[in-house]
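Protein chains in written order, with the numbering used here: chain A, 1 to 114; chain H, 1001 to 1113.
Contents: one structure, followed by commentary.
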Amino acid sequence: AQSVTQPDIHITVSEGASLELRCNYSYGATPYLFWYVQSPGQGLQLLLKYFSGDTLVQGIKGFEAEFKRSQSSFNLRKPSVHWSDAAEYFCAVGASGGSYIPTFGRGTSLIVHP
Amino acid sequence: DVKVTQSSRYLVKRTGEKVFLECVQDMDHENMFWYRQDPGLGLRLIYFSYDVKMKEKGDIPEGYSVSREKKERFSLILESASTNQTSMYLCASRKSGGYNEAFFGQGTRLTVV
Chain A
1 AQSVTQPDIH
11 ITVSEGASLE
21 LRCNYSYGAT
31 PYLFWYVQSP
41 GQGLQLLLKY
51 FSGDTLVQGI
61 KGFEAEFKRS
71 QSSFNLRKPS
81 VHWSDAAEYF
91 CAVGASGGSY
101 IPTFGRGTSL
111 IVHP
Chain H
1001 DVKVTQSSRY
1011 LVKRTGEKVF
1021 LECVQDMDHE
1031 NMFWYRQDPG
1041 LGLRLIYFSY
1051 DVKMKEKGDI
1061 PEGYSVSREK
1071 KERFSLILES
1081 ASTNQTSMYL
1091 CASRKSGGYN
1101 EAFFGQGTRL
1111 TVV
C-alpha cells in the first residue's frame, strides 16, 4: 500500500525567505506525486504534479518540487515566500496506472512572519 | 475551468438526523471522492466512485453511505448523525487516469449537536 509522510506539522518562515516543505512517500513503483495548497476555509488547489520525465517540476505561484527516487522524496520549494503563501500544504501520492486512489499526507501548516 | 460544487458551506444538524451532503462536478469526470478532514489527521477517504452507480469503501466508511445515480453528482449520506461526525467534508472529482489530479470543492463544515 502507498503512504505519504510530511514530517513537519508547522513551518514558520519570514516573508522573503526561502521555503522547503518535505514529503516522503512509500510505493513500490514510480508513483504519481502531487502538491496541493489549501487556504483557510477553502478546498484544495493543485500546485504541481510529477508523473514522468524531468524530476524538477515547476508549478503555479512560483513553487517547484524535485522528485528524488533514491530518497523517496518530493520536496516543495519556493525561493522567496510571500505573506499570501500562508496556508496548509498537502503532498499526495497515487499509484501509477488506471483509477488510482490518491493518498494524502497529514499536511504542513505554513506560517509567514512579516 | 473545472468546477466542483458542494451544496452547503456550513451545516448544523442534530444527533440522530439523516444528513445529505451533495456534490456536483461539471467536467464529465468519471471518478469522484468524499474525504473527511480533521486537524492533525489530514484527508481521510470515506468513499469513492469509479463511475455512475459504482462505489467503493475508503478508509473510514462506517456511519456513511453514498449515492451516484448520475455521473455529475455524488452524495454523501450520514444515516444517523453523531457528534463524532463533526468535521470538514471535501468532495473531489477526477478524470480517470493515474496522472490526473483531483479537483476539490470548497468543503462543507458540518457540526452535529
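Even for Gly, the Cβ is constructed at its ideal location relative to N, Cα and C.
Since we're looking at a predicted model, the values are computed, not measured.
If contacts are defined as beta-carbon pairs under 8 Å, then residue i and residue j qualify, I think. What distance do you get, rounded to the angstrom?
| i | j | result |
| --- | --- | --- |
| H:L1021 | H:S1067 | H:L1021 to H:S1067, Cβ: 11 Å. No contact. |
| A:V93 | A:Y32 | 7 Å |
| H:Q1106 | H:Q1006 | 6 Å |
| H:A1081 | H:K1013 | 5 Å |
| H:R1094 | H:I1060 | H:R1094 to H:I1060, Cβ: 20 Å. No contact. |
| A:I101 | H:L1045 | 7 Å |
Can you list, in chain order, the residues of its chain with a C-beta nearer than 8 Å to that of residue i? Leave out the 5 residues immediately preceding and following it.
| i | result |
| --- | --- |
| A:P7 | R22 and N24 |
| A:I11 | L19, L21, T108, S109, L110 and I111 |
Output needed for residue i: all residues of its chain with C-beta closer than 7 Å, excluding positions within five of it in sequence on either side, in chain order.
| i | result |
| --- | --- |
| H:D1038 | S1087 |
| A:N75 | E20, L21, R22, C23, A65 and E66 |
| A:S39 | A87 |
| A:T5 | N24 and G105 |
| A:W83 | E15, V112 and P114 |
| H:Y1010 | R1109 |
Please classify residue i as buried or exposed, where buried requires at least 16 neighbouring CB atoms within 10 angstroms.
| i | result |
| --- | --- |
| A:I111 | exposed |
| A:Q71 | exposed |
| A:Q58 | exposed |
| H:M1054 | exposed |
| A:G43 | buried |
| H:V1112 | buried |
| H:S1096 | exposed |
| H:W1034 | buried |
| H:T1083 | exposed |
| A:S52 | exposed |
| A:D54 | exposed |
| H:Y1089 | buried |
| A:D85 | buried |
| A:K78 | buried |
| H:G1042 | buried |
Between residue i and the rest of its own chain, which residues show a CB-CB distance below 6 Å, the 5 nearest in sequence each way excluded?
| i | result |
| --- | --- |
| H:S1008 | T1108 |
| A:S73 | N24 |
ask   = Which residues, taken in chain order from the region 1083 to 1102 of chain H, show a beta carbon closer than 7 Å to some beta carbon of chain A?
value = L1090, S1096, G1098, Y1099, E1101 and A1102
key: Residues of the region 100 to 111 of chain A with Cβ closer than 7 Å to any Cβ of chain H, in chain order   = Y100, I101, P102, F104, G105, R106 and G107
query = Can you give, in chain order, each stretch of the alpha helix (DSSP H) that sits fully within the region 8 to 61 of chain A and has at least 4 residues?
reply = none
ask   = Using Cβ-Cβ distances below 7 Å, what residues of the region 13 to 45 of chain A are close to chain H?
value = Y32, F34, Q42, G43 and L44
inquiry  = Using a Cβ-Cβ cutoff of 8 Å, what residues of the region 1047 to 1062 of chain H are near chain A? List them in chain order.
reply    = F1048, Y1050 and G1058
query = Can you give, in chain order, each stretch of the beta strand (DSSP E) that sits fully within the region 1006 to 1062 of chain H and has at least 3 residues?
reply = For the beta strand (DSSP E) assignment, the uninterrupted runs of no fewer than 3 residues enclosed by the region 1006 to 1062 of chain H are, from N- to C-terminal side, 1010 to 1013, 1019 to 1025, 1031 to 1038 and 1042 to 1049.
key: Positions along the region 61 to 72 of chain A whose CB lies within less than 9 Å of some CB in chain H   = none
Residues in the region 50 to 61 of chain A having any Cβ partner in chain H nearer than 7 Å = F51
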